[in-house]
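Note that the protein sequences, when read in sequence, are chains A and B.
The numbering of the first sequence is the working numbering, which starts it at -6 and goes up by one.
The numbering of the second sequence is the working numbering, which starts it at 316 and goes up by one.
I have placed the structure first, in the form of structure tokens, so that the comments after it can refer back to it.
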Amino acid sequence: KAGVTQTPRYLIKTRGQQVTLSCSPISGHRSVSWYQQTPGQGLQFLFEYFSETQRNKGNFPGRFSGRQFSNSRSEMNVSTLELGDSALYLCASSLGPRDGQDTQYFGPGTRLTVL
Amino acid sequence: GNSVTQMEGPVTLSEEAFLTINCTYTATGYPSLFWYVQYPGEGLQLLLKATKADDKGSNKGFEATYRKETTSFHLEKGSVQVSDSAVYFCALISSGSARQLTFGSGTQLTVLP
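Right, here's the structure in full:
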């Protein structure tokens, strides 16, 4: 079974631009979560989606948004990019949000560099 | 809120040495506990997990036991290899409605031949 895939793997943007990252979960997985990884802050939770609905959101500004499609694929968008948004963005999928279904499997990440 | 405290790194060991990476947690209810590993330039790989007290997770020679009385989930391996060099993250998901992973700060392990 194919793992979680993320595209693109690398992105370079300039301040003020916007960016969209894509995630395809493992087949059969219906929950998708996003995390930001930086050297200073470590791994921080961004959002969780299940059945096209955002169930939880982390402590990030409104410039960070996301969505999930009917095939469970997910996208996240960052508008008005800032230098501090440079990070590895990781997507993870799980079967669902219930006990016994919530083990998360990660993709390779998208490395975003903001200049 | 939930939190995970991991042993500070970096940790440097010789091949075939014994490894322990300490992890303690604070959480409401009965969390599930995980160890993930990250190799350079890659995402996180699930190494092992435990979902209830006294469960032992194991994989690839690594083990960790869910100790509720000490709120710990220490990672151990009896004989490390150079290929085990990576960053190791302890994490939890609490038993509430939010299914977000809370991570420790990570421990860099380097194994020398």
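Backbone N, C-alpha and C define an ideal beta-carbon position, used for all residues, glycine too.
Per DSSP, what kind of secondary structure is residue i in: helix, strand or coil?
i	result
L359(B)	strand
G59(A)	strand
G35(A)	strand
G77(A)	helix
V397(B)	helix
K(-6)(A)	coil
Given that a residue counts as buried once 16 or more other Cβ atoms are within 10 Å of its Cβ, and exposed if not, what is residue i?
i	result
K432(B)	What is shown of chain B runs 316 to 428, which leaves residue 432(B) out entirely.
F388(B)	buried
Y42(A)	buried
L108(A)	exposed
F404(B)	buried
G372(B)	buried
For residue i, I'd like the list of residues in its chain whose CB is within less than 8 Å of its CB, leaving aside the five on either flank, ordered along the chain.
i	result
I408(B)	P346, S347, F349, R414, Q415, L416, T417
Y98(A)	G(-4), V(-3), I19, H22, A85, S86, S87
S79(A)	T31, L105, T106, V107
Sorted by chain position, which residues of the same chain lie with C-beta nearer than 7 Å to residue i's C-beta, five sequence neighbours on each side aside?
i	result
Q37(A)	Y28, Q29, G51
A342(B)	N317, L407, S409
P101(A)	Q(-1), R2
S63(A)	E45
Give me the Cβ distance between residue i and residue j, rounded to the nearest whole Å; I'm assuming they're in contact under 8 Å.
i	j	result
S67(A)	V25(A)	4 Å
Contacting positions in the segment 346 to 363 of chain B - beta carbon closer than 8 Å to chain A:
S347, F349, Y351, E357, G358, L359, Q360, L361
Looking at chain A, which residues of the segment 399 to 419 of chain B have a Cβ within less than 9 Å of any of its Cβ atoms?
F404, A406, I408, S410, S412, A413, R414, Q415, L416, T417, F418, G419
Give, in chain order, every residue of the segment 368 to 396 of chain B whose Cβ lies closer than 8 Å to some Cβ of chain A.
none
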